[in-house]
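Numbering (my numbering), first residue to last: 299 to 542.
The beta-carbon is built from N, C-alpha and C at its ideal position, and this holds for glycine as well.
What follows is a short report on a single structure.
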């Protein structure tokens with residue numbers, strides 16, 4: 299099964315072609331913020347180099363969040379369009395699970411993206427071929443996240459914790475208070491790789507392209523303002539946690 303995978307969740311753009319679990323090619327652009335201009339040419343480049351067209355792709359996969367609001371919409375809209383027009387399968391993969399998959403060590407993997415002001419989009423994963431989400435993906439203040447890690451550690455024997463993603467190094471003094479061996483991910487582990495998204499997509503459940511939605515894990519300010527103004531409930535199909 300040929301899978302074309304995309305991540306536009308952060309300032310790191312990644313596109314990959316997989317044949318089932320085998321990563322055929324992965325192309326990355328780092329520290330770029332114009333994914334809308336670079337995504338389609340990168341996809342076209344990969345297809346041409348492998349003598350394929352979009353019609354040859356069996357399944358599309360994309361990081362659905364958390365991540366940049368604008369970035370997520372670019373990637374998700376692109377694959378939804380491809381899947382809908384070509385009547386192909388599409389799956390959404392957690393950005394945090396994709397980060398966790400890059401770690402092979404036997405450890406609790408805490409995957410997170412810096413959300414500023416000591417807040418993180420984060421989740422805890424038991425490392426493995428398909429990382430198991432044991433601390434739910436959410437929008438956490440660092441104190442709440444570390445408490446969740448401590449509670450998990452009290453019930454499970456942890457050899458070590460590996461923090462992957464962004465912004466954890468500045469919390470080192472607080473992390474040390476857990477009294478659990480820990481380390482940070484490498485430069486390669488700290489970015490989202492589309493090839494790993496493709497591997498996770500092999501066993502993921504396809505969805506209707508129209509139902510593929512971003513998982514921001516936090517309401518946008520526009521939604522919060524709208525709710526305060528109108529008093530109307532938030533949409534029931536949104537995948538959000540409570541604003542902190």
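Under 9 Å between C-beta atoms of residue 479 and residue 459 = Your numbering for residue 479 matches position 181 in the chain shown. Your numbering for residue 459 matches position 161 in the chain shown. Yes, they are a contact pair.
Would residue 383 be called buried (16 or more neighbouring beta carbons within 10 Å of its own) or exposed?
-> Along the chain shown, one-based indexing puts residue 383 at 85. Residue 383 sits exposed, since fewer than 16 C-beta atoms from the chains shown fall within 10 Å of its C-beta.
If you compare alpha carbons, which of 425, 493, 470, 492 is closest to residue 482?
-> In the chain shown, the residue the question calls residue 482 occupies position 184. Selection 425, 493, 470, 492 evaluated against residue 482 yields 470 as nearest (Cα-Cα).
For residue 300, I'd like the list of residues in its chain whose CB is within less than 8 Å of its CB, leaving aside the five on either flank, ordered along the chain.
-> Numbered from 1 along the chain shown, position 2 holds the residue referred to as residue 300. Take residue 300, set aside five residues on each side of it, and the residues of its chain with a beta-carbon closer than 8 Å to its own are 315, 316, 317, 350, 354, 355, 356, 357, in chain order.
Which residue from 342, 427, 374, 345 puts its Cα closest to that of residue 500?
-> Locating residue 500 in the chain shown gives position 202, where the first residue counts as 1. Among 342, 427, 374, 345, the Cα nearest to that of residue 500 belongs to 427.
With distances taken Cα to Cα, identify the nearest neighbour of residue 506 among 385, 376, 368.
-> As a first step, residue 506 must be located in the chain shown, where it is residue number 208. The shortest Cα separation from residue 506 among 385, 376, 368 belongs to 385.
Contact set for residue 504: own chain, Cβ-Cβ below 8 Å, skip 5 residues either direction | Looking up residue 504 in the chain shown gives position 206. For residue 504, the CB contacts under 8 Å within the same chain, skipping 5 residues up- and downstream, are 357, 387, 388, 389 in chain order.
What separation, rounded to the nearest whole angstrom, lies between the Cα atoms of residue 488 and residue 400?
-> Counting from one through the chain shown, the residue named residue 488 turns up at place 190. Counting from one through the chain shown, the residue named residue 400 turns up at place 102. Computed Cα separation, rounded: 8 Å.
Kindly indicate which three-state DSSP category residue 450 falls into: helix, strand or coil?
-> Numbered from its first residue, the chain shown carries residue 450 at position 152. It is helical.
Output the distance between the C-alpha atoms of residue 473 and residue 360, rounded to the nearest integer angstrom.
-> The residue you call residue 473 lines up with position 175 of the chain shown. The residue you call residue 360 lines up with position 62 of the chain shown. Residue 473 and residue 360 have their C-alpha atoms spaced approximately 31 Å apart.
Say whether the segment 332–351 touches the segment 414–427, bearing in mind that this needs 3 or more beta-carbon pairs closer than 8 Å, one atom from each stretch.
-> No, because fewer than three Cβ pairs between the segment 332–351 and the segment 414–427 fall closer than 8 Å, the two stretches do not touch.
Would you check if the distance between the CB atom of residue 493 and the CB atom of residue 412 is smaller than 9 Å?
-> The residue given as residue 493 occupies position 195 in the chain shown. The residue given as residue 412 occupies position 114 in the chain shown. At least 9 Å separates the beta-carbon of residue 493 from that of residue 412.
Based on the DSSP output, what are the partners of residue 431 in its beta bridges?
-> Taking the chain shown and counting its residues from 1, one reaches residue 431 at position 133. Secondary-structure assignment with DSSP links residue 431 through a beta bridge to 423.
Can you give, in chain order, each stretch of the alpha helix (DSSP H) that sits fully within the segment 304–375 and has at least 4 residues?
-> Counting whole runs of 4 or more residues, the segment 304–375 contains the alpha helix (DSSP H) stretches 333–347.
Buried or exposed: where does residue 333 fall if 16 or more other Cβ atoms within 10 Å of its Cβ makes it buried?
-> In the chain shown, counting from the first residue as 1, residue 333 sits at position 35. With 16 or more other Cβ atoms from the protein chains shown falling within 10 Å of its own Cβ, residue 333 counts as buried.
Would you identify the three-state DSSP class for residue 463, choosing helix, strand or coil?
-> Position 165 of the chain shown, counted from the first residue, corresponds to residue 463. Here residue 463 carries a strand assignment [DSSP, helix/strand/coil].
Spatially closest choice to residue 310 from 509, 512, 486, by CA coordinates | Locating residue 310 in the chain shown gives position 12, where the first residue counts as 1. Of all alpha-carbon atoms in 509, 512, 486, the one lying nearest the alpha-carbon of residue 310 is that of 486.
Does DSSP put residue 493 in a helix, a strand or coil?
-> What you label residue 493 is simply residue 195 of the chain shown in a count that begins at 1. Three-state DSSP puts residue 493 in a helix.
Which partner residues does residue 407 have in the DSSP bridge list?
-> Position 109 of the chain shown holds residue 407. According to DSSP, residue 407 shares a beta bridge with 423, 460.
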